[in-house]
Amino acid sequence: MPRIIAGSAKGRKIGAPEGTATRPTSDRAREALFSALNSQLTSWAGRRFLDLYAGSGAVGLEAASRGASAVVLVESHAPALTALRSNIALLGFTSTSVVASSVERFAQLAAEPFDVIFADPPYDTGSPAVKSAVENLLANGAAKAGTIVVVERSKRDTTWTWPEPITGLRNKSYGEATFWYGQVD
Numbered sequence: 002m003p004r005i006i007a008g009s010a011k012g013r014k015i016g017a018p019e020g021t022a023t024r025p026t027s028d029r030a031r032e033a034l035f036s037a038l039n040s041q042l043t044s045w046a047g048r049r050f051l052d053l054y055a056g057s058g059a060v061g062l063e064a065a066s067r068g069a070s071a072v073v074l075v076e077s078h079a080p081a082l083t084a085l086r087s088n089i090a091l092l093g094f095t096s097t098s099v100v101a102s103s104v105e106r107f108a109q110l111a112a113e114p115f116d117v118i119f120a121d122p123p124y125d126t127g128s129p130a131v132k133s134a135v136e137n138l139l140a141n142g143a144a145k146a147g148t149i150v151v152v153e154r155s156k157r158d159t160t161w162t163w164p165e166p167i168t169g170l171r172n173k174s175y176g177e178a179t180f181w182y183g184q185v186d
């Protein structure tokens, strides 16, 4: 069962959907992710965080616990949506919202800029589909100069490339997952 690592909800356990359709990011990988993000952000205050393919919401809820002013969790799988809503209620995060939509549709409509965008698609979702969603977010203004974008892929998937105008910063593997870090120019 995932837990919140730091911040106002530190140590609190959150639920995950039953079955294998959702693969929560491990505590260890989330800790490393937020360590990397903290090295680039001076503070979480006033930051807007977008969690695509949110699953249990562990990553977005971690951002909320650390003080992000707004967190948007995008998910289309019904059992995951139930877990997301339950986890938000459990933790009492009023600055966190759930969008019940496919990432593709959300990316075509999103217009408010985010400071951090995290995407953890199912590993069988091809890189072209994820890249298209990122390109739509860029085109619609949901990503601005300085936005940090992190995509989680299987460590066996070495085909990830960033669309313009995102500059790749680094990639790092944790178990079966690799985080690809980029920043909008």
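Numbering of the sequence shown is given in our numbering, commencing with residue 2 and proceeding in unit increments.
By construction, the Cβ of each residue, glycine as well, lies at the ideal position given by its N, Cα and C atoms.
Note that the structure is predicted; figures quoted are calculated from it, not measured.
- Looking at Ile149, Val100, Ala144, Trp181, the one whose alpha-carbon comes closest to that of Ala112 is Ala144.
- Counting along the chain, Ser66 sits inside the alpha helix (DSSP H) bounded by residues 59–66.
- Contact between the segment 62–80 and the segment 134–141 is absent, with fewer than three C-beta pairs closer than 8 angstroms.
- At a Cβ-Cβ threshold of 9 angstroms, Ile15 and Ile5 count as neighbours.
- Under the three-state reduction of DSSP output, Phe94 falls in the coil class, being neither helix nor strand.
- In terms of Cβ geometry, Val99 and Leu85 form a close pair [threshold 9 angstroms].
- When secondary structure is reduced to three states using DSSP, Arg13 falls in the coil class, being assigned neither helix nor strand.
- Beta-bridge annotation (DSSP): Asp52 is paired with Leu74, Phe119.
- Here Ala101 carries a strand assignment [DSSP, helix/strand/coil].
- Assigned with DSSP and collapsed to three states, Asn141 falls in coil, not helix or strand.
- Cβ contact annotation for Ala64 (same chain, cutoff 6 angstroms, sequence separation greater than five): Phe50, Val72, in chain order.
- Val152 is bridged by DSSP to Ala120, Trp181.
- Spatial neighbours of Ser44 in its own chain (CB-CB distance under 8 angstroms, excluding positions within 5 residues in sequence) are listed in chain order as Gly68.
- Within its own chain, the residues whose Cβ lies closer than 8 angstroms to the Cβ of Pro114, once the five positions on either side in sequence are excluded, are Arg49, Gly142, Ala143, Ala144, Lys145, Thr148, listed in chain order.
- Within the same chain, Cβ atoms closer than 6 angstroms to the Cβ of Gly8 are found at Ser66, Arg67, the five residues on either side in sequence being excluded.
- Going by C-alpha positions, Leu92 is about 21 angstroms away from Ser77.
- Within a 10 Å sphere around the beta-carbon of Ala30 sit 16 or more other beta-carbons, which makes this residue buried.
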